[in-house]
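Q:
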Amino acid sequence: MSVSQKSGIRFAARHPTDGEDLRLSEIVDPHALRASLWALVPSERPGACATPEVRAKVLAVLKAANAAGRKAAEAMLFEDGGGLLCAARISALQDELIRAIYDFALQHRFAAPNLSAGERMAILAVGGYGRGTLAPGSDIDLLFLLPYKQTALGEQVAEYLLYLLWDLGLKVGHATRSVEESVRLSETDFTIRTAILERRLVCGDAELFTELGRRFDAEVVEGTGRAFIAAKLAERDARHAKGGDTRYLVEPNVKEGKGGLRDLHTLFWIAKDHYRVDTRDALVAAGVFSRREGQIFGKAEDFLWAVRCHMHFLTGKAEERLSFDIQPEIAARLGYTSHPGLTDVERFMKHYFLIAKDVGDLTGIFCAALEEEKAKDVPGLRGFVQSLRRRSRAIPGTLSFLVDNGRITVADRQVFAKDPVNLLRIFKLAAVHRLEYHPDALKLIRRSLRLIDNDLRNNREANSLLIDVLTDREDPAFHLRRMNEAGVLGRFVPDFGKIVAMMQFNMYHHYTVDEHLLRSIAELTKLERGNLGGELPVTSGFISTIRDRVPLYVALLIHDIAKGRPEDHSIAGAEIAEELCPRLGLDAGETELVAWLVRDHLVMSMVAQQRDLNDRKTIRDFAARVQTLDRLKLLTILTVCDIRAVGPGVWNGWKGQLIRTLYAETEPMLTGGYSESSRSQRTEAAKAELRARLSTWDAAERDAAVDQHYQNYFLSVPLEEQARQAEFVRASDAAGRSFATMAHTDRFRGVTEITVLAADHPRLLSLIAGGCASAGANIADAQIFTMTDGRALDIVTLNREFAEDADELRRAERIARTIESLLNGREAMPALIARRRAPRTSPSFAFPPRIDIHNELSNRLTVLEVEGLDRPGLLADLTGAISDLSLDIRSAHISTYGEKVVDVFYVTDLLGMKVTGEGRGERIRRRLLAVFEDPDGELSSPSVKPTPVAFGFVS
234 MSVSQKSGIR
244 FAARHPTDGE
254 DLRLSEIVDP
264 HALRASLWAL
274 VPSERPGACA
284 TPEVRAKVLA
294 VLKAANAAGR
304 KAAEAMLFED
314 GGGLLCAARI
324 SALQDELIRA
334 IYDFALQHRF
344 AAPNLSAGER
354 MAILAVGGYG
364 RGTLAPGSDI
374 DLLFLLPYKQ
384 TALGEQVAEY
394 LLYLLWDLGL
404 KVGHATRSVE
414 ESVRLSETDF
424 TIRTAILERR
434 LVCGDAELFT
444 ELGRRFDAEV
454 VEGTGRAFIA
464 AKLAERDARH
474 AKGGDTRYLV
484 EPNVKEGKGG
494 LRDLHTLFWI
504 AKDHYRVDTR
514 DALVAAGVFS
524 RREGQIFGKA
534 EDFLWAVRCH
544 MHFLTGKAEE
554 RLSFDIQPEI
564 AARLGYTSHP
574 GLTDVERFMK
584 HYFLIAKDVG
594 DLTGIFCAAL
604 EEEKAKDVPG
614 LRGFVQSLRR
624 RSRAIPGTLS
634 FLVDNGRITV
644 ADRQVFAKDP
654 VNLLRIFKLA
664 AVHRLEYHPD
674 ALKLIRRSLR
684 LIDNDLRNNR
694 EANSLLIDVL
704 TDREDPAFHL
714 RRMNEAGVLG
724 RFVPDFGKIV
734 AMMQFNMYHH
744 YTVDEHLLRS
754 IAELTKLERG
764 NLGGELPVTS
774 GFISTIRDRV
784 PLYVALLIHD
794 IAKGRPEDHS
804 IAGAEIAEEL
814 CPRLGLDAGE
824 TELVAWLVRD
834 HLVMSMVAQQ
844 RDLNDRKTIR
854 DFAARVQTLD
864 RLKLLTILTV
874 CDIRAVGPGV
884 WNGWKGQLIR
894 TLYAETEPML
904 TGGYSESSRS
914 QRTEAAKAEL
924 RARLSTWDAA
934 ERDAAVDQHY
944 QNYFLSVPLE
954 EQARQAEFVR
964 ASDAAGRSFA
974 TMAHTDRFRG
984 VTEITVLAAD
994 HPRLLSLIAG
1004 GCASAGANIA
1014 DAQIFTMTDG
1024 RALDIVTLNR
1034 EFAEDADELR
1044 RAERIARTIE
1054 SLLNGREAMP
1064 ALIARRRAPR
1074 TSPSFAFPPR
1084 IDIHNELSNR
1094 LTVLEVEGLD
1104 RPGLLADLTG
1114 AISDLSLDIR
1124 SAHISTYGEK
1134 VVDVFYVTDL
1144 LGMKVTGEGR
1154 GERIRRRLLA
1164 VFEDPDGELS
1174 SPSVKPTPVA
1184 FGFVS
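Each residue of the sequence shown is one higher than the one before, starting from 234 at the first, in my numbering.
1. Go to residue 1133, then tell me how far its beta strand (DSSP E) extends in each direction, as first and last residue.
2. For my contact list, residue 1042 and residue 976 are in at a C-beta cut-off of 8 Å; report their separation, rounded to the angstrom.
3. Provide the residue span of the beta strand (DSSP E) that contains residue 632, from first to last.
4. I need the boundaries of the beta strand (DSSP E) containing residue 1102, first residue and last residue.
5. Could you give the uninterrupted runs of the alpha helix (DSSP H) lying entirely in the region 817-883, keeping only those of 4 residues or more?
6. What are the complete beta strand (DSSP E) segments, minimum 3 residues, inside the region 461-546?
7. Terminal residues of the continuous alpha helix (DSSP H) containing residue 328?
8. Cα separation between residue 560 and residue 727?
9. Closest by CA to residue 582, which one among 537, 509, 283 and 595?
10. Excluding the 5 residues flanking residue 785 on each side, which residues of the same chain have their C-beta closer than 6 Å to its C-beta?
11. How is the beta strand (DSSP E) around residue 687 delimited, first residue to last?
12. In the DSSP assignment, what are the bridge partners of residue 1115?
13. Buried or exposed for residue 430, please, with buried defined as at least 16 other CB atoms from any protein chain shown within 10 angstroms of its CB.
14. For residue 1117, which option in 1160, 845 and 973 has the closest C-alpha, if you only look at C-alpha atoms?
15. Could you please give the first and the last residue of the uninterrupted alpha helix (DSSP H) stretch that includes residue 786?
16. Which same chain residues end up closer than 6 Å to residue 530 when comparing Cβ atoms and leaving out the 5 residues on each side of it in sequence?
17. Looking only at its chain, what residues have a beta carbon closer than 7 Å to the beta carbon of residue 708, apart from the 5 residues adjacent to it on each side?
18. Identify, in the order they occur along the chain, each residue of the same chain with its Cβ nearer than 7 Å to the Cβ of residue 935, setting aside the five sequence neighbours on each side.
19. From residue 919 to residue 952, what does the alpha carbon distance come to, in whole angstroms?
20. Would you mind listing the alpha helix (DSSP H) stretches within the region 725-767 that are 4+ residues and don't spill past its ends, in chain order?
21. Quick check on residue 945: does DSSP put it in helix, strand or coil?
22. Using C-beta distances below 6 Å, list every residue in its chain close to residue 442, excluding the 5 sequence neighbours before and after it, in chain order.
23. In this structure, does DSSP put residue 977 in helix, strand or coil?
24. How should residue 1169 be labelled, buried or exposed, when 16 other C-beta atoms within 10 angstroms of its C-beta is the threshold for buried?
25. Using CA coordinates, which residue listed in 292, 1015, 944 and 721 is at the minimum distance from residue 985?
26. Just how far apart, CA to CA, sit residue 657 and residue 635?
27. Apart from the five residues on each side of it in sequence, which residues of its chain come closer than 6 Å, Cβ to Cβ, to residue 461?
28. Return the CA-CA distance between residue 319 and residue 302, expressed in angstroms with no decimal places.
29. Nearest-angstrom Cα distance between residue 473 and residue 554?
30. Within 10 angstroms of the Cβ of residue 493, are there 16 or more other Cβ atoms? Answer buried if so, exposed if not.
31. Report back the beta-carbon spacing between residue 1088 and residue 948 to the nearest angstrom; my notes put them in contact at under 8 Å.
32. Check whether the region 451-465 touches the region 538-553, counting contact only when three or more Cβ pairs, one atom from each stretch, lie closer than 8 Å.
33. Indicate whether residue 725 and residue 750 have their beta-carbon atoms separated by less than 9 Å.
34. Out of 576, 498, 577 and 475, state which residue places its alpha-carbon closest to the alpha-carbon of residue 465.
35. To the nearest angstrom, how far is the alpha carbon of residue 1133 from that of residue 1036?
36. Quick check: what's the CA-CA separation for residue 842 versus residue 1130?
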């Protein structure tokens, strides 16, 4: 019989699933486990169990029990889906392993079944393990509690136990302290205090455990609740800030992220310390939550535990980040299936974010209520109206709402029932008076959402109030976010409700759709207030001239409102706008404008990043689509705000420059300032300007510098760059260099340009791209020019990596040396690409490649548009394949959207003509598809592609 059994103290875990059948007998059989261990005892003589052989056998028994128990827990998780049940089962399994080791150690390993008063020990589970819940990969936090100082026997038992647990592959955090030390350290260290707050006796001396509890409550907890609450709230805020202060990241941290399990833990820590309760039912009984809110909280907790347990089982480690790599498998494990417009993983993640929203909302209300309660005598939330009236002031013009400590709150509980329009009016008043929201008001709003019906949706005043909040001059995104989190925005605009918490399964978008829309509103506000003048000089310059401010804000709020539908979200969104805008009070002209902005909200970004802005037909076609200067300004603003709200690092100076260029080229065409001069006239004018810039040169050198370029160079390259490149070419020729490079940084545009002068070569651009890829550099743009003497002058634009110009120039020098090594054969591209650590990609993304060939987008060139899954060396392989097809690349425009790449090449045949003929087009498609579908044998691959495949004759 075990020591703990002898003394009559078997402390079962206080699992949060009490009352439910944990089926622990299927997880571990304590009696069978002990019988197996006891059977290993060779004899009763002292030291018989101290041999390495016996220890190895003990470890084998424990490993088998641990593996079998976890396997059973995983099977039950699939069977009943209970996340909390799974966590409780693994915790119970851990309890039995520790108890068995402890009993075996005392009775057989150290032969000390009867302990003296000084040798007494209690083994406590603390922290998360103390709550009676463990994920498969969770740390096991133990406190070896002593009456006084450590004894030799106590140290031996603790060491024996810990080493066996470590050998089982478990992560164990531990401390050995006396009762006095535990109390003293808890008084000054909130981390230790929090851990001991959730103490639970696993085995050992019950009196020690009781003594610690008595002294902890009396000496640590009593009278220090305010300091503890403040510390926990500060800790929560710091954790949220570290994680980006949003619960809508598309790769959330299930444990530490906002709206994750740690928010629940914070709630329970404070609840246990302040209310002296540690269950949801007790919080409901205390009036903190309604019964329905308690149920919501319970479901959220169970769901998050299920996700976390599945993540640990799947990865075999304590994986807390729900990354793209594992989202599909977790969705499948939880039983999600695809629906029209939403994949199984997108449906799963939408559910996750809705759960995280519930956790965040309820936890926020709880913590804010406690924060308020520091100034109250009334416990809980009971009697809140009476206590608030004593400290509140009226808001001019309304009897329904009050201001309490800078927060808007309700005058009585019937405010919304008496007039449902108040559900919108409260946000308008908060915006006008620059107020935060009292948690009691938010709670009452959530409990009143059923009042939002079609009558309210069609109420003119209610819709006008929404427009007022949306177009607030100070901080509309803040109030819209509160409206969204309270559930009002999604109920009042049902189509918006459909995209609440919706994610898109790709690596480009960082936030859920609704969060992205609200962040785009915040970007527009910053633009209007003049906060972005340094980054966005052109847009900031004309933002004050915008007359259609309301349509712009409405369009920005709903531009992605149709995401998750089978049809194109831009077209479906325009249809929603045509129906919604009249309801919001917009007239016919404003409605048409909003619908157009939503329908074409991606056009400017696409043209700027994927088309040749030096091609006049590109500008003409874009101007024909925009039609007016006012529309151009509105679309520019919407495009800028949309891109900036996608996520950190998505907007950069290069994208800003492309949009500025497109705006600058289109504006004169819409205002009548555009001159339709011939190409030859513009070429001669450009040559004259270059000659004037080189006026200090010798006449013969000046003429040679001008005559060494063809027409397309003068029509594509700005004068400043022409002059700089002329100096570069002259210096290279004087030095007798056959290969030369020049680097130029542009901090404002966020790019570095590398100009390469070399003997023309069919695969020169491929080798340049390979050299860049081997250095991890991202090519944003490339211009390819052949000079009249047969040399090539290629200009490659790289996205900037370093803040300092000196670092950028050193990187450019390394890339230049690599390109030269590739050209002269000292380096092979496959080896270079292999040495470069591959960027994070996921096989989970299924994106079929697409090849489009356009002859209508340019008057003189054929446009190849290539979409597919990105990988290292892809651009080198694509340009090499285009060379195999006997095509000349005139310019390349590279856009990356997370895992997807869109590369656009302006090409001609070897005679400088457009590529025509159905057979030729099919060869091009076949060859470029092979780059994605069968990369073996491409330029970045060590193998060789068969000639018929390389030239596109067969697939």
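For each residue, glycine too, the CB sits at the ideal point set by N, CA and C.
A: The relevant details are as follows:
1. 1133-1142
2. 5 Å
3. 631-637
4. 1095-1102
5. 821-832, 836-843, 849-859 and 862-877
6. none
7. 316-337
8. 27 Å
9. 537
10. 867
11. Counting along the chain, residue 687 falls outside any beta strand (DSSP E), though it belongs to the alpha helix (DSSP H) covering 687-690.
12. Note: residue 1115 sits in no beta bridge, so no partner.
13. buried
14. 1160
15. 782-791
16. 513 and 595
17. 758
18. 924 and 927
19. 8 Å
20. 727-730 and 746-761
21. helix
22. 355 and 434
23. strand
24. exposed
25. 1015
26. 15 Å
27. 506
28. 11 Å
29. 15 Å
30. buried
31. So it is not a contact: roughly 20 Å between Cβ atoms.
32. no
33. no
34. 498
35. 26 Å
36. 11 Å
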